[in-house]
Amino acid sequence: MIRLSHVHKTFPNGAVALRDVSFHVARGEFVFLTGHSGAGKSTLLKLLYAEQRPSSGEVRVSGHVVSALKGDQIARLRRRLGIIFQDFRLLEDRTAAENVAFALEVTGARKDAIAARASRVLAQVGLASKSRAYPRELSGGEQQRVAMARALVNDPAILLADEPTGNLDERATRGVFQLLRDINAGGTVVVMATHDLDLVRQTEYRTIEMREGAVVYDSADEAPAPGPQ
Amino acid sequence: MRLLFREALLSFRRAPVLSGLSITTIAFSLFTIGLFGLVAINLQRALEGLEERVEIVAFIMRGTPAESIAQASQDIAAFPEVQDVGYVSEEQALARARRELVEFRDAYRDLQVNPLPPSLELRLRPGFRDAAHVGAVAERLRGFSFIEDVRYGREWIQRLDHLRNLTGVLGLVIGLVFATVAMVIIGVTIRLTLLQRAREIHIMRLVGATNWFIRGPFLLEGALKGILGGLLAVALCYGGFLVFRRSAESFNGLLFFEPWQAAVIIGFGMLMGLGGSLLSVGRHLRRMGGRADRRAS
Numbered sequence: 026m027i028r029l030s031h032v033h034k035t036f037p038n039g040a041v042a043l044r045d046v047s048f049h050v051a052r053g054e055f056v057f058l059t060g061h062s063g064a065g066k067s068t069l070l071k072l073l074y075a076e077q078r079p080s081s082g083e084v085r086v087s088g089h090v091v092s093a094l095k096g097d098q099i100a101r102l103r104r105r106l107g108i109i110f111q112d113f114r115l116l117e118d119r120t121a122a123e124n125v126a127f128a129l130e131v132t133g134a135r136k137d138a139i140a141a142r143a144s145r146v147l148a149q150v151g152l153a154s155k156s157r158a159y160p161r162e163l164s165g166g167e168q169q170r171v172a173m174a175r176a177l178v179n180d181p182a183i184l185l186a187d188e189p190t191g192n193l194d195e196r197a198t199r200g201v202f203q204l205l206r207d208i209n210a211g212g213t214v215v216v217m218a219t220h221d222l223d224l225v226r227q228t229e230y231r232t233i234e235m236r237e238g239a240v241v242y243d244s245a246d247e248a249p250a251p252g253p254q
Numbered sequence: 002m003r004l005l006f007r008e009a010l011l012s013f014r015r016a017p018v019l020s021g022l023s024i025t026t027i028a029f030s031l032f033t034i035g036l037f038g039l040v041a042i043n044l045q046r047a048l049e050g051l052e053e054r055v056e057i058v059a060f061i062m063r064g065t066p067a068e069s070i071a072q073a074s075q076d077i078a079a080f081p082e083v084q085d086v087g088y089v090s091e092e093q094a095l096a097r098a099r100r101e102l103v104e105f106r107d108a109y110r111d112l113q114v115n116p117l118p119p120s121l122e123l124r125l126r127p128g129f130r131d132a133a134h135v136g137a138v139a140e141r142l143r144g145f146s147f148i149e150d151v152r153y154g155r156e157w158i159q160r161l162d163h164l165r166n167l168t169g170v171l172g173l174v175i176g177l178v179f180a181t182v183a184m185v186i187i188g189v190t191i192r193l194t195l196l197q198r199a200r201e202i203h204i205m206r207l208v209g210a211t212n213w214f215i216r217g218p219f220l221l222e223g224a225l226k227g228i229l230g231g232l233l234a235v236a237l238c239y240g241g242f243l244v245f246r247r248s249a250e251s252f253n254g255l256l257f258f259e260p261w262q263a264a265v266i267i268g269f270g271m272l273m274g275l276g277g278s279l280l281s282v283g284r285h286l287r288r289m290g291g292r293a294d295r296r297a298s
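Protein chains in written order, with the working numbering: chain A, 26 to 254; chain B, 2 to 298.
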């Protein structure tokens, strides 16, 4: 589903974000991306959803070479991905249901189908009763669930989560994480960037650790890779 | 489609002052163009009326044989510029003078000798009634040996020509300056809306909206503002037209725009609105894409 081959990313100011990153994520996997702030986790996710382009190397998602996609092709790729962030990125002037429906509206889905699918996904994340609430009326955990509902509403094959529990208390973290596991159990690939090691240790999921832009550990290899020097 | 209109109209509600400003600017720029257009239309019509009366009068020496005059009339009628040629004899000239110049009726009645020479009166074809052609025909007439003098309203023909050209050029220049200002203001107001909604646009991109989907409401917003500005401009022009017509009753038969001309003004407003927002949105989207790629995580 996801394949990175010798990916480098250097910003115009000379900062190196990724160094020779290569790995493969198979169908149905749940992968943790771990590492300190600035290790390159977010940049790596941005390459996957075509927000940034690699300086060299190849990024493939669902069979597409992401760096070769242009304009509307990028939009179509993103419709097959679900993306969630630490800061939720909800529209403050829309209700939970409208935020979810928004992701369907931009794809040109039929109006009658939109409402039904939005409420079904909100029910899936446990927020059926709060569909008319505005983001400011919801807790952090609930806002993240709305963001997850929005990410799921297009039935994505891959869910990318950038520190989804970074702003949540322990209880909300557990709820959101359980939801991610349920989504993965349904067959969706989940790539979750986090620095919450407690969460990582609770499970047997594959873990890729990054340091200074390089992959220094991949539990799939069962052997630590050499660090950058 | 409904979403497109909803989003476009929402921005009017979100920023009524800015929207009003852009509509007013478009309206004023088109109002200026429209006023000059009205002056040009009416001047053109007045000129057409006046030009029909453009005549060249060639006075003939007394004693010129009738055959020579008849032959010359035929030659002159064959000039490509000439519509018709008429001969006015001494007697006809005197009779006309007595009829038309009432003030001098007594003087003409007491005359022992007819002081008025016979003449040829020429009217030119449409398209040849400007100063240059009239002058050229007059010059050729002077070449006939029996023609004593040639008269035509050289000065006023030239003045009318100048006035018409000046009105056209001035209207176009001032109109274009205003149109540019209006487009810049539309661009700025759309840009402010874009900045206000940057977060929303960012989220739209993340959930897979195409660039045209994002542009759509902004383009529609620009076009709607342009159309409203155009309508306002036509209304202002009509107001100005009514006021002028009332205060200057001597100007009979003043013309207002034909419906298609009003439609052109409104259409031009729509293009201005569309152009302003297209430039603004295009630049914003390109910057957003570029910035994301340059930003360190």
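Note that beta-carbon positions come from the ideal geometry of N, C-alpha and C, so glycine has one too. Remember, it's a predicted structure, so these values are computed and weren't measured experimentally.
Same chain, Cβ closer than 7 Å to residue i, five either side skipped, listed in chain order
i, result
"B:L36", "C238 and G241"
"B:L256", "I42, N43 and R46"
"A:S30", "S47, G82 and E83"
"A:R119", "F127"
"A:H33", "L43, R44, D45, P79, S80, S81 and G82"
C-beta contact flag for residue i and residue j at 8 Å
i, j, result
"A:V225", "A:T35", "no"
"A:V201", "A:V125", "no"
"B:I228", "B:I266", "no"
"A:T213", "A:A182", "yes"
"B:L220", "B:L286", "no"
"A:V171", "A:L115", "yes"
"A:V216", "A:L205", "no"
"B:F80", "B:I148", "no"
"A:S122", "A:S156", "According to the sequence displayed, residue 122 of chain A carries Ala and not Ser. Result yes, Cβ atoms of A:A122 and A:S156 sit closer than 8 Å."
"A:R161", "A:E117", "yes"
"B:S281", "B:R192", "yes"
"B:A28", "B:G188", "no"
"B:S69", "B:V86", "no"
Boundaries of the alpha helix (DSSP H) in which residue i is found, first to last residue
i, result
"B:M62", "Run containing B:M62: none; DSSP gives neither H nor E here."
"B:M205", "A199 to L207"
"A:A100", "G96 to R104"
"A:A180", "According to the sequence displayed, residue 180 of chain A carries Asp and not Ala. Taken as a continuous stretch (DSSP letters only), A:D180 belongs to no alpha helix (DSSP H), as it is neither H nor E."
C-beta neighbour in chain A for residue i, strict 8 Å
i, result
"B:I202", "no"
"B:A210", "yes"
"B:M289", "no"
"B:V214", "Before going on, a small fix: residue 214 of chain B reads as Phe here, not Val. Chain A, which has a Cβ nearer than 8 Å to the Cβ of B:F214, makes this yes."
"B:L207", "yes"
"B:F242", "no"
Residue interval of the beta strand (DSSP E) (run including residue i)
i, result
"B:Q84", "V83 to V89"
"B:E68", "Taken as a continuous stretch (DSSP letters only), B:E68 belongs to no beta strand (DSSP E), being part of the alpha helix (DSSP H) at A67 to A78."
"A:A239", "A239 to D243"
"A:R52", "Careful: A:R52 lies outside any beta strand (DSSP E) and carries neither H nor E."
"A:S30", "I27 to T35"
"A:V86", "S81 to V86"
"A:T232", "R231 to R236"
CB contact below 8 Å: residue i versus chain B
i, result
"A:F57", "no"
"A:L116", "yes"
"A:I183", "no"
"A:A128", "yes"
"A:T198", "no"
"A:I27", "no"
"A:V131", "yes"
"A:G96", "yes"
"A:R103", "yes"
"A:I108", "yes"
"A:A258", "This structure gives no information on residue 258 of chain A, because the portion of chain A shown stretches from 26 to 254."
"A:A100", "yes"
"A:P253", "Reliability of the predicted coordinates at A:P253 is poor, the pLDDT of 48 falling under 50, and no value is obtained from them."
Check: residue i C-beta below 7 Å from any heavy atom of the ligand NAD
i, result
"B:G230", "Absent from the structure shown: the ligand NAD. Ligands present: none."
Reference residue i, options the options, closest by Cα
i, options, result
"B:I77", "B:L279, B:G144 and B:L225", "B:G144"
"A:I108", "A:Q227, A:E195, A:V50 and A:A186", "A:A186"
"A:Q77", "B:S281, B:E82 and B:L207", "B:L207"
"B:E8", "A:R104, A:Q203, A:E130 and A:R196", "A:E130"
"A:G191", "A:Q111, A:D137, A:V240 and A:S244", "A:Q111"
"B:Y153", "B:R15, B:E222, B:I27 and B:I57", "B:I57"
"B:R165", "B:I24, B:F13, B:S23 and B:E49", "B:E49"
"B:R15", "B:T168, B:R124, B:G277 and B:T190", "B:T190"
Close Cβ partners of residue i (< 6 Å) along its chain, the five nearest in sequence each way excluded
i, result
"B:S90", "P119"
"B:L225", "none"
"A:A49", "What sits at residue 49 of chain A in the sequence shown is His, not Ala. The residues are R28."
"A:R52", "M26"
Minimum Cβ-Cβ distance from residue i to chain D less than 8 Å
i, result
"A:I208", "Given the protein chain composition of this structure (A and B), no chain D is represented."
Sequence-distant residues of the same chain with beta carbon closer than 8 Å to residue i, five excluded per side
i, result
"B:A263", "V235"
"B:M62", "P118, F147, I148 and E149"
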